[in-house]
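Throughout the sequence shown, residue numbering follows our numbering, covering 798 to 1341 in sequence.
The block underneath contains the structure these notes are about, expressed in structure tokens.
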Amino acid sequence: MSASEAPSHGTADAGGMFTRTATGLVRGVPPRSSLIINLIPGHPTQIMAAILLFALTVGPGGNVFLALLLVVPMVLAFSYAFGYLTQMIPRSGGDYMLVSRVIHPAVGYISVFCMTTASLLSNAFFALAVTTAGIAPLCSAIGLIGGYPGMVEFGSTVSSSKGWLLFFGAIVYIIAGVIQLFGWRTLLTIQNIFFALVTVALVVCGVVALVQSKESFISNFDSFAASFTGSNDAYQGTIDAATEAGVDVAPAFSFSATIPIVAVFATSAIFSYWSSFVGGELRQASTAKTARNMALGGLIPLAVVAVFTLIFFRGYGSEFLRAAQANGLPEGISGPGTSIFYLSSIGTGSVVFTAVVFACYIIFWPLITYVSTLQTTRAIFAMSFDGVLPQSVTRVNSTGCPWLALVITLIGSYLVFIYAVWNSTGFFQVLVYALMVQLIAMGLVGLSGVLVPWVRPELYRASTTVRSFLGIPVVAIAGAGAILTTLFVWWAYLHYDQLGTNADIPKLLTWTIGPAALGLLFFIVMRLVKGSSFERVYKEIPPE
798 MSASEAPSHG TADAGGMFTR TATGLVRGVP PRSSLIINLI PGHPTQIMAA
848 ILLFALTVGP GGNVFLALLL VVPMVLAFSY AFGYLTQMIP RSGGDYMLVS
898 RVIHPAVGYI SVFCMTTASL LSNAFFALAV TTAGIAPLCS AIGLIGGYPG
948 MVEFGSTVSS SKGWLLFFGA IVYIIAGVIQ LFGWRTLLTI QNIFFALVTV
998 ALVVCGVVAL VQSKESFISN FDSFAASFTG SNDAYQGTID AATEAGVDVA
1048 PAFSFSATIP IVAVFATSAI FSYWSSFVGG ELRQASTAKT ARNMALGGLI
1098 PLAVVAVFTL IFFRGYGSEF LRAAQANGLP EGISGPGTSI FYLSSIGTGS
1148 VVFTAVVFAC YIIFWPLITY VSTLQTTRAI FAMSFDGVLP QSVTRVNSTG
1198 CPWLALVITL IGSYLVFIYA VWNSTGFFQV LVYALMVQLI AMGLVGLSGV
1248 LVPWVRPELY RASTTVRSFL GIPVVAIAGA GAILTTLFVW WAYLHYDQLG
1298 TNADIPKLLT WTIGPAALGL LFFIVMRLVK GSSFERVYKE IPPE
């Protein structure tokens, strides 16, 4: 957004028609940076650190590589549904803009309320993760490897202290907010540097696991554990302990056990459409590169995860990884969990290595928080521009950042985070709620893709890509795939109790169906207050 021009939202003239000035949004995001925006939500470092080992426990006997392959069509469905629609409507606002223009404003409100709730919940998860999956394991790993018991104690304290959780969560929001106060050029430079550092953390650990033989890792692990357990065979002891506890560390293949693993991978892999929310700021928003970048943003992480999974299975042993994740590690060294950063650090025995790879990994959480806030800030902007929110929330600073919308987003995120901490909502439970409510909005975008060739033919025909397969528009095929994926993931999370969705059904419905109902209620109130004329703005695509 230009520094000198604040947008004006729709106003009705004497004839009842809406006239609006330009939004003031400029095309400031080049293709490479938009690709990185789409890569960040499913960054392989996040999957390897926080999702892969969890997936092994919920689907014993499931094939990780088959699960990754089955996620591919899901990624493509959402990528091309969002991508082609953004190409037809290259404006910022994401699902709100797409759904409200193709289907109906009431459905657009349902979508944006669900998507915004998902972003707030996701931000709460990221704020929890920076401590429980980042800072606490970092302190414990440094303390154990370097022989600093005070660091181990501090790691245990920060992971269980509400005060420390709230403190480090606030730091995440501050970093994610401050970097957005700069213009796109500076912001994207910071984004790309953060992205590179997070990627380096995974690559370095992969190189260690690849170069170091399995026998060497076992020897180093046993030597490390000996001072805590008194045993010289802690590696095999970990496997034996898990087996005695009833864990099948070498399960036979089961397709049915692969299904929950598919659902777990979908938790992060299907969100490669994030540049849609800044569609008005993409330099090539109206070209085929929009959908292609979204598809690549989802497929590249899946390929990387497959490669690095092979590397870590080879370097550490799949039986050991399953056993360690199932609480088979000796009690004295089980604090940091079984993340690849911890295991790689044990393999090297270096405190410096531990500090560097964990620090690079921790950067991921403010990075993804910044990307997540793009949804809410642009949704607020778009709704204000449409005249349903106060125009004042589109205020920008001297570099073009919609700072007031950003502040509202960060405050809302922190309030939800406080609720999650004080309500003791579980780590993965927060993520599940975010996923389920977000899928409602994603399914509605899929429905928009199915309908757009027929309900908005002028948009479809004006698109730079009007492709079809067997006479069916590709955007409609992608939309149908998005709807089917939505239904599948909802079914999987409700069907498999080990995924944790069914722990509190009333709370699940509150965080999913509740926002949809509020979105519909919001439309009804706006219709009563403003009259039917306010709907006319949704018949047009806003100027830039």
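All C-beta atoms in this analysis are idealised placements derived from N, C-alpha and C, irrespective of residue type, glycine included.
Just so we're clear, the structure is a prediction, and the values are computed from it rather than from any experiment.
Requested in this report: Report the rounded CA-to-CA distance for R982 versus P1199, giving the unit in angstroms.
Outcome: Residue 982 sits at position 185 when you count from the first residue of the sequence shown. Residue 1199 sits at position 402 when you count from the first residue of the sequence shown. When rounded, the distance between both Cα atoms is 15 Å.
Query raised in the report: Can you tell me the Cα-Cα spacing of T1282 and M885, whole angstroms?
Result: Locating residue 1282 in the sequence shown gives position 485, counting from the first residue. Locating residue 885 in the sequence shown gives position 88, counting from the first residue. When rounded, the distance between both Cα atoms is 23 Å.
Query raised in the report: Can you check whether the CB of S1136 is closer than 8 Å to the CB of G1344?
Result: What is shown of the chain runs 798 to 1341, which leaves residue 1344 out entirely.
Requested in this report: Taking the CB atoms as reference points, tell me whether G1316 and V899 lie closer together than 8 Å.
Outcome: Sequence index remark: in the sequence shown, residue 1316 carries index 519 (1-based). Sequence index remark: in the sequence shown, residue 899 carries index 102 (1-based). By the CB criterion at 8 Å, G1316 and V899 fall outside the cutoff.
Query - Under the three-state DSSP convention, the category F979 falls into - result: On the sequence shown, residue 979 is found 182 positions in, with the first residue counted as 1. Of the three classes helix, strand and coil, the one that applies to F979 here is coil, per DSSP.
Query raised in the report: Taking the alpha-carbon positions, what's the L1236 to W1308 distance?
Result: For the purposes of this step, residue 1236 is taken as residue 439 along the sequence shown, with counting starting at 1. For the purposes of this step, residue 1308 is taken as residue 511 along the sequence shown, with counting starting at 1. In a straight line, the C-alpha of L1236 is about 12 Å away from that of W1308.
Query raised in the report: What does S1265 pair with, by DSSP beta-bridge criteria?
Result: Along the sequence shown, read from residue 1 onward, the residue named residue 1265 stands at position 468. P1270, per the DSSP bridge assignment.
Query raised in the report: What separation, rounded to the nearest whole angstrom, lies between the Cα atoms of S1020 and N1029?
Result: The sequence position of residue 1020 within the sequence shown is 223, counting from 1. The sequence position of residue 1029 within the sequence shown is 232, counting from 1. Roughly 7 Å between the two C-alpha positions.
Query raised in the report: When the Cα atoms are used, what is the spatial distance from E1255 to L1107?
Result: As a working note, residue 1255 is residue 458 in the sequence shown. As a working note, residue 1107 is residue 310 in the sequence shown. Those two C-alpha atoms are separated by around 48 Å.
Query raised in the report: When the Cα atoms are used, what is the spatial distance from D1294 to F1062?
Result: Looking up residue 1294 in the sequence shown gives position 497. Looking up residue 1062 in the sequence shown gives position 265. Each residue's alpha carbon lies about 16 Å from the other.
Query raised in the report: L1296 by DSSP, collapsed to three states: which one?
Result: As a working note, residue 1296 is residue 499 in the sequence shown. In the three-state DSSP reduction, L1296 falls in the helix class (H, G or I).
Query raised in the report: Alpha carbon to alpha carbon, how far is L867 from V1059?
Result: The sequence position of residue 867 within the sequence shown is 70, counting from 1. The sequence position of residue 1059 within the sequence shown is 262, counting from 1. Cα to Cα, the separation comes out at about 7 Å.
Query raised in the report: If you follow the alpha helix (DSSP H) that D1183 is part of, which residue opens it and which one closes it?
Result: For the purposes of this step, residue 1183 is taken as the residue at position 386 of the sequence shown. In the DSSP annotation of this structure, D1183 is not part of any alpha helix (DSSP H), being labelled neither H nor E.
Report task. Buried or exposed for G1043, please, with buried defined as at least 16 other CB atoms from any protein chain shown within 10 angstroms of its CB. Result -> Taking the first residue of the sequence shown as position 1, residue 1043 is located at position 246. The residue is exposed, with fewer than 16 neighbouring Cβ atoms inside 10 Å.
Requested in this report: State buried or exposed for S916, treating a residue as buried only when at least 16 other CB atoms are found within 10 Å of its CB.
Outcome: What you label residue 916 is simply residue 119 of the sequence shown in a count that begins at 1. Buried.
Query - Alpha-carbon spacing of G947 relative to G940, whole angstroms - result: Start at 1 with the first residue of the sequence shown, and residue 947 comes out as number 150. Start at 1 with the first residue of the sequence shown, and residue 940 comes out as number 143. Their Cα atoms are separated by approximately 7 Å.
Query - Rounded straight-line distance, which links the Cα of L918 to that of Q843 - result: In the sequence shown, residue 843 corresponds to position 46, counting from 1. In the sequence shown, residue 918 corresponds to position 121, counting from 1. Their Cα atoms are separated by approximately 17 Å.
Query raised in the report: DSSP three-state call for G821: helix, strand or coil?
Result: Indexing the sequence shown from 1 puts residue 821 at position 24. Residue confidence for G821 is low, a pLDDT of 47 falling below 50, so the modelled location carries little weight and cannot support an answer.
Query - Inter-residue CB distance, I1160 and V995 (contact presumed, cutoff 8 Å) - result: Within the sequence shown, residue 1160 is the residue found at index 363, counting from 1. Within the sequence shown, residue 995 is the residue found at index 198, counting from 1. Rounded to whole angstroms, the Cβ separation of I1160 and V995 is 6 Å, and the two are in contact under 8 Å.
Report task. Output the distance between the C-alpha atoms of V1242 and G1197, rounded to the nearest integer angstrom. Result -> Walking along the sequence shown from the start, residue 1242 turns up at place 445. Walking along the sequence shown from the start, residue 1197 turns up at place 400. Taking the straight line from one Cα to the other gives about 28 Å.
Query - As assigned by DSSP and simplified to three states, the class of V1252 - result: Position 455 of the sequence shown, counting from 1, holds the residue named residue 1252. It is helical.
Query raised in the report: Roughly how many whole angstroms lie between the Cα atoms of S1142 and V1154?
Result: As a first step, residue 1142 must be located in the sequence shown, where it is residue number 345. As a first step, residue 1154 must be located in the sequence shown, where it is residue number 357. Rounded to the nearest angstrom, the two C-alpha atoms are 8 Å apart.
Query - N- and C-terminal bounds of the alpha helix (DSSP H) containing N920 - result: Stepping through the sequence shown from its first residue, residue 920 is reached at position 123. Residues P902 to A926.
Query raised in the report: Roughly how many whole angstroms lie between the Cα atoms of G821 and V869?
Result: The residue you call residue 821 lines up with position 24 of the sequence shown. The residue you call residue 869 lines up with position 72 of the sequence shown. Its pLDDT being 47, under 50, G821 is placed unreliably by the model, and the measurement read from it follows with that caveat. Answer to the nearest angstrom: the Cα atoms are 37 Å apart.
Query raised in the report: Whose C-alpha, out of V1185, G1076, F862 and L1248, is nearest the C-alpha of G1328?
Result: For this step, residue 1328 is matched to residue 531 along the sequence shown. Comparing alpha carbon positions, the residue from V1185, G1076, F862 and L1248 closest to G1328 is V1185.
Query raised in the report: Rounded C-beta distance between N920 and T1170? I'm assuming under 8 Å.
Result: Position 123 of the sequence shown, counted from the first residue, corresponds to residue 920. Position 373 of the sequence shown, counted from the first residue, corresponds to residue 1170. Yes, they are in contact, since the Cβ atoms of N920 and T1170 sit about 7 Å apart, within 8 Å.
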